[in-house]
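Chains as they are written, first to last, in our numbering: chain A, 26 to 167; chain B, 26 to 167; chain C, 26 to 167; chain D, 26 to 167. Note that CB positions come from ideal geometry on N, CA and C, so glycine has one too.
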């Protein structure tokens with residue numbers, strides 16, 4: 026099983042927080058999306074715009090996600106997200122995110138993503154496509 | 026078991042969508058949050074600002090959430106969210122959201138919320154508090 | 026001079042507000058963008074996805090915007106935005122938004138938009154294009 | 026006239042962009058808000074949560090803002106924002122933001138902010154308050 030892991034620092038901003046003074050929880054899913062992209066960027070050595078072209082695919086939409094919120098975070102907090110690939114299938118993969126604050130786990134999230142390609146040049150519809158071998162290798166293999 | 030249900034119409038907007046042309050999935054959690062609030066507003070007959078004061082509490086933070094994305098939605102789509110209270114505990118409750126488009130289920134989400142109050146007037150820390158009987162009754166009872 | 030006007034109701038939500046308890050002001054620009062789109066949808070009798078296809082263009086990016094914030098709004102507020110086309114040029118147009126709350130002007134905004142088309146089928150670059158006569162007519166003419 | 030300036034790097038993310046493939050322009054106002062906060066944090070040597078307490082005030086709401094969008098940015102772009110205080114009044118200040126990409130100016134923005142305090146301990150209403158001398162000094166003086 027692949028265990029590719031990246032760590033990413035994120036700052037919680039004033040505009041991420043709600044009238045209760047803590048982060049508005051949908052923002053965590055934006056953070057997790059950035060972390061998954063950062064993971065692929067690090068593995069592949071290019072930014073997202075570049076790797077979508079290099080590997081000729083349309084993206085890696087999320088088909089399932091979930092999170093548990095254990096401790097609140099607020100503006101000014103510097104958090105660390107540790108993102109790990111916990112499953113690497115033929116055309117899908119699963120990521121686990123551990124967001125911590127001062128060493129304490131604050132949020133635990135997971136996402137299942139599918140590697141997709143347009144069905145044909147003219148079409149707007151997409152379908153699952155096998156993750157290229159090179160990408161699998163760079164993510165630590167199956 | 027409580028089965029209080031509300032339906033809410035939402036329009037997906039251009040600014041909710043990403044370069045793939047479909048909704049950026051963290052926006053669904055904003056939609057679900059609005060639906061949970063709309064449910065309480067309808068049950069209690071006041072808006073959120075009013076019912077926080079009327080029932081003297083600080084909010085109903087989300088402690089766990091998850092979603093499965095079955096069909097994409099895009100800008101211009103008018104969707105319907107059916108939100109149902111599936112568990113109503115002493116100080117927590119669970120909501121299930123079914124978001125459909127043209128009659129087809131597009132997203133299935135769930136949230137667990139906790140009824141909270143400030144620990145004391147000066148404090149900023151909050152703690153779980155029993156859901157008032159009147160609220161329980163208006164949500165269809167346990 | 027064109028004076029096409031539409032009114033649109035918007036609710037300010039919990040997630041639009043910041044720790045000061047009032048709307049986080051970048052959200053007003055999302056509201057104004059929705060209002061400009063609603064104006065075109067009403068004038069053209071189709072939603073945005075449909076009219077981009079019907080008039081074969083790429084969009085109407087904002088090249089300049091500004092706003093003055095006169096009164097705060099907060100979650101639970103139902104506001105009215107009155108949007109008026111104040112200039113209608115060959116390939117650009119200017120909209121003025123008046124957002125009011127309980128009859129009092131809360132925000133005054135303006136946007137300059139350009140009608141754009143892809144330079145050619147293969148290209149991703151866009152350029153200004155004359156606003157079609159039919160659109161000009163439906164917006165009240167010059 | 027004060028000329029306090031800070032530079033801040035920002036990455037444009039996938040989730041900041043719209044179906045046209047470029048940044049959704051309201052996101053620039055979130056970026057500018059972060060830059061203004063970063064400027065105060067750098068000048069005062071604390072984060073926002075800390076300096077709101079240290080200087081006993083409620084915030085610096087924006088009363089007027091505007092921007093011109095000269096070049097598009099997209100996901101993967103690393104931009105630099107140079108933020109300068111161009112006016113420093115008794116209880117208000119004006120910031121100019123220059124956002125550039127690869128050395129070219131992409132967005133020019135400005136904001137007018139007011140230093141505010143709660144009217145009294147019990148009240149939720151705020152009013153303009155003179156910017157403390159120490160803050161004025163740290164921002165380069167008038």
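Exercise. Taking C-alpha atoms, which residue in 116(B), 134(B), 117(B) lies nearest to residue 124(B)?
Worked result: 134(B)
Exercise. So, using beta-carbon positions, are residue 151(A) and residue 99(A) closer together than 8 Å?
Worked result: no
Exercise. What separation, rounded to the nearest whole angstrom, lies between the Cα atoms of residue 145(D) and residue 106(B)?
Worked result: 42 Å
Problem set entry | Neighbouring residues, chain C, relative to residue 134(B) (Cβ below 7 Å) | Correct list: empty, because the minimum Cβ distance to chain C is about 15 Å.
Problem set entry | Collapsed DSSP secondary structure at residue 40(A) in the structure displayed | helix
Exercise. Between 59(C), 44(C), 114(C), which lies nearest to residue 164(C) when the distance is taken from Cα to Cα?
Worked result: 114(C)
Exercise. In terms of residue numbering, what span does the beta strand (DSSP E) encompassing residue 16(D) cover?
Worked result: There is no way to answer for residue 16(D), as the model of chain D reaches only from 26 to 167.
Exercise. What is the DSSP secondary structure of residue 21(A), counted as helix, strand or coil?
Worked result: The structure shown does not extend to residue 21(A), since chain A spans only 26 to 167, so no value can be given for it.
Exercise. Whose C-beta lies closer than 8 Å to the C-beta of residue 90(B) among residues of the same chain, with five residues either side of it excluded?
Worked result: 54, 57, 134, 135, 136, 137
For this session: With 8 Å as the limit, tell me which residues of the stretch 86-104 of chain D have their beta carbon closer than that to any beta carbon of chain A; keep them in chain order.
Result: 99, 100, 101
For this session: Quick one: measure Cβ to Cβ for residue 6(C) and residue 92(C), integer angstroms, because I've assumed they're closer than 8 Å.
Result: No information on residue 6(C) is available, as it lies outside the stretch 26 to 167 that chain C covers here.
Problem set entry | Top-ranked residue by Cα proximity to residue 72(A), from 39(D), 121(D), 155(D) | 39(D)
Problem set entry | Assigned secondary structure, residue 29(D) (DSSP; H/G/I helix, E/B strand, else coil) | coil
Exercise. Can you list, in chain order, the residues of its chain whose CB lies under 7 Å from that of residue 63(D), leaving out five sequence neighbours each side?
Worked result: 31, 33
Problem set entry | residue 62(D), DSSP secondary structure in three states | helix
Problem set entry | From 166(A), 42(A), 160(A), residue whose alpha carbon lies closest to that of residue 76(A) | 160(A)
For this session: Have a look at the DSSP bridge pairing and note the partners of residue 159(C).
Result: Paired residues: none, contrary to the question.
Exercise. Can you list, in chain order, the residues of its chain whose CB lies under 6 Å from that of residue 29(D), leaving out five sequence neighbours each side?
Worked result: 110, 164, 165
Exercise. Is there at least one Cβ from chain G nearer than 8 Å to residue 58(D)'s Cβ?
Worked result: Absent from the structure is chain G; the protein chains it does hold are A, B, C and D.
Exercise. Around the Cβ of residue 96(C), are there at least 16 other Cβ atoms within 10 angstroms (buried) or fewer (exposed)?
Worked result: exposed
Exercise. Residue 167(A) lies in the beta strand (DSSP E); which residues open and close that run?
Worked result: Per DSSP, residue 167(A) belongs to no beta strand (DSSP E) and is neither H nor E.
Problem set entry | Proximity winner among 83(C), 79(C), 126(C), 117(C), relative to residue 103(C) (alpha-carbon distances) | 126(C)
For this session: Using a Cβ cut-off of 8 Å (strictly closer), state whether residue 84(B) contacts chain D.
Result: no
For this session: With DSSP as the reference, label residue 149(A) as helix, strand or coil.
Result: coil
Exercise. Along chain B, which residues have their Cβ under 7 Å away from the Cβ of residue 39(D)?
Worked result: 43, 44
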